[in-house]
Structure formats: C-alpha cells, structure tokens
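In my numbering, the protein residues as written are 117 to 406.
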C-alpha cells in the first residue's frame with residue numbers, strides 16, 4: 117500500500133516537472149507553505165518567476181524563508197498603500213524601488229509581488245526615453261535650461277539636496293536627487309561637465325564616480341501645455357495649483373471637491389483642440405449641456 121502511494125506521488129511530481137520543461141501552464145492547490153517554497157525554488161532554476169502573494173507581510177516571509185532554507189535571493193516588489201482619493205502623493209522612495217526592479221527584470225530570478233501591486237500602472241520605456249535627461253562627462257550643459265528641464269520633470273529646487281525629487285545649483289556644482297540608487301553631484305568647469313559622482317545625502321560625501329547619468333521624471337506623467345489644458349476641466353482651483361506649484365500634493369488623483377462637472381460639446385471640443393487634438397469627432401451623440 118505504501119509503495120502504491122509513493123508511486124502515485126512520484127507520478128504527480130513527474131507530471132509537474134514535465135509541464136515545467138514543456139512550458140505548459142498548470143494549477144496546483146493544497147500545498148503547504150514549505151511545498152510552495154520548494155516548488156518556487158525548483159521553478160526558479162528553470163525560468164524567471166513572478167510570485168503573487170496575498171499581502172506584503174506574506175511576501176516578506178517568503179523572501180526570508182527562501183534565503184534561510186535555500187539561500188535563494190529574491191526581490192520584494194513594494195506597493196503604494198495610497199488611494200487616488202486620499203489626496204496625497206505616493207511614496208517616491210517606493211516608486212524608485214519599483215522602477216529599479218522593473219528595469220532590472222533580466223537579472224531577477226524571483227520577484228515576490230503583493231496582489232495590490234498588480235493594480236498599479238507604470239510608464240512605458242518610451243516615456244522614459246523621451247523625457248529623461250542624459251548627461252555625460254566632457255559634455256556642455258546650460259544650467260538655466262537644466263533647471264527648467266528638471267522642474268518640468270517634477271523636481272523642486274532646494275538650497276541643499278536631502279530628499280528625493282530635489283535639486284540644487286550652486287555655482288559650478290549641480291546636485292540632483294532622482295530615482296536612481298543615490299543622488300548625483302555634477303561638477304562643471306564653465307559649462308563643461310568634468311565630474312559626475314554619487315553622494316550620501318546625510319553627510320554630503322561622494323562615494324562613487326560615473327561617466328554618465330540618466331535623470332528620469334519623478335512622476336509617472338509630465339505636465340506640459342497640453343496636459344494643463346486638459347486639467348482645466350477640473351476647475352479653477354486645480355488650474356491655479358498647477359500654475360503656482362506645478363506638481364502639487366495629490367496631483368495623481370487631480371480630483372475636485374466641487375462634484376461632477378459637465379461641459380457643452382463645444383467647450384469640450386475646444387479644450388481637446390487646444391491640447392493638440394485637431395481632428396475631433398464624437399462617435400456617439402454628445403448631450404449638449406448648457
């Protein structure tokens with residue numbers, strides 16, 4: 117009887133291994149935590165794994181157990197525990213961690229992701245390619261133009277850079293705290309870049325030299341003229357905030373407290389055309405609100 121049970125179990129394992137080798141999908145239920153870890157480790161030896169968990173706490177437990185039992189490294193994908201209706205901005209440090217994992221997926225064998233993180237949306241590679249600022253050694257830069265570009269990407273000017281999303285320009289020194297692993301310091305000789313290095317924001321000391329750097333937008337979107345025109349539909353309060361602060365707290369939700377607004381077909385059409393959409397037509401009869 118015992119041999120029969122073992123034979124059945126071996127057959128089940130062989131089926132799983134066969135599907136893994138062929139790349140077929142399959143569903144398994146009733147596994148204990150240890151068996152999940154064992155299967156996860158085995159799959160990770162064959163292919164890259166995105167492992168969905170019910171919560172961040174469970175993801176952290178799997179991460180620790182994988183290291184203790186199998187010495188298997190894994191990455192924990194954080195999620196923003198912020199609702200768009202809260203009126204506050206997501207955590208930029210978590211956003212930086214998220215982007216770092218997404219941009220290095222080729223080197224990640226196991227990514228542990230709480231299910232809430234699946235609900236978040238992220239910019240495409242084209243967004244970063246089109247809106248990032250690239251700076252290299254021996255390249256000439258205009259600090260006035262650079263300051264304007266950084267403000268457009270969501271950065272705020274400060275006397276000293278200590279927090280993510282800040283930049284400062286002091287004579288021939290430019291400090292920028294982007295979503296990279298650490299803030300960067302750029303030294304100029306006139307307009308020419310002579311040195312680029314990472315520095316510690318706590319003690320302001322440099323620790324690593326690099327030859328080039330790519331400065332990405334701080335947020336998942338860019339506020340340009342067309343975006344400002346579109347956001348006019350949310351009323352004067354939002355328009356004034358954008359004019360005065362550009363990227364303000366909670367702009368990701370850009371909601372108004374005055375309730376739902378309706379617009380005439382003519383007003384909506386004009387807003388779209390002002391934003392660059394020249395060929396506007398309505399596939400369904402639009403109610404002409406007055």
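Every residue, glycine too, gets a C-beta built ideally from N, C-alpha and C.
Within 8 Å, strictly: CB atoms of residue i and residue j
i, j, result
"residue 278", "residue 317", "yes"
"residue 168", "residue 247", "no"
"residue 258", "residue 197", "no"
"residue 300", "residue 312", "yes"
"residue 283", "residue 295", "no"
"residue 327", "residue 252", "yes"
"residue 334", "residue 269", "yes"
"residue 163", "residue 186", "no"
"residue 179", "residue 171", "no"
"residue 195", "residue 232", "yes"
"residue 280", "residue 331", "no"
"residue 182", "residue 153", "yes"
Rounded straight-line distance, which links the Cα of residue j to that of residue i
i, j, result
"residue 192", "residue 217", "9 Å"
"residue 298", "residue 254", "22 Å"
"residue 165", "residue 244", "25 Å"
"residue 120", "residue 132", "Confidence in residue 120 is poor, its pLDDT being 40 and thus under 50, which makes the residue's placement too unreliable to answer from."
"residue 397", "residue 389", "11 Å"
"residue 230", "residue 256", "44 Å"
"residue 76", "residue 336", "Since the first and last residues shown for the chain are 117 and 406, residue 76 lies out of range."
"residue 288", "residue 213", "30 Å"
"residue 135", "residue 267", "51 Å"
"residue 240", "residue 329", "19 Å"
"residue 386", "residue 224", "48 Å"
"residue 395", "residue 265", "30 Å"
"residue 236", "residue 219", "16 Å"
"residue 276", "residue 211", "22 Å"
"residue 138", "residue 161", "14 Å"
"residue 108", "residue 227", "Residue 108 cannot be examined here, being either before or after the span of the chain that is shown, 117 to 406."
"residue 215", "residue 242", "14 Å"
Residue i, enclosing alpha helix (DSSP H) - first and last residue
i, result
"residue 181", "172 to 186"
"residue 152", "149 to 162"
Element boundaries [beta strand (DSSP E), containing residue i]
i, result
"residue 322", "322 to 326"
"residue 309", "308 to 315"
"residue 303", "300 to 305"
"residue 289", "289 to 292"
"residue 169", "165 to 169"
Closer than 7 Å: residue i CB and nearest the ligand SAM heavy atom
i, result
"residue 256", "With respect to small molecules bound, the structure shown includes none, and the ligand SAM cannot be examined in it."
Please list the segments of the alpha helix (DSSP H) lying wholly inside the segment 213 to 286, counting only runs of 4 or more residues, in order along the chain.
Correct list: 241 to 247, 259 to 268.
Can you find at least 3 beta carbon pairs, one from the segment 205 to 224 and one from the segment 140 to 151, that sit closer than 8 Å?
Flag = no, the segment 205 to 224 and the segment 140 to 151 do not touch.
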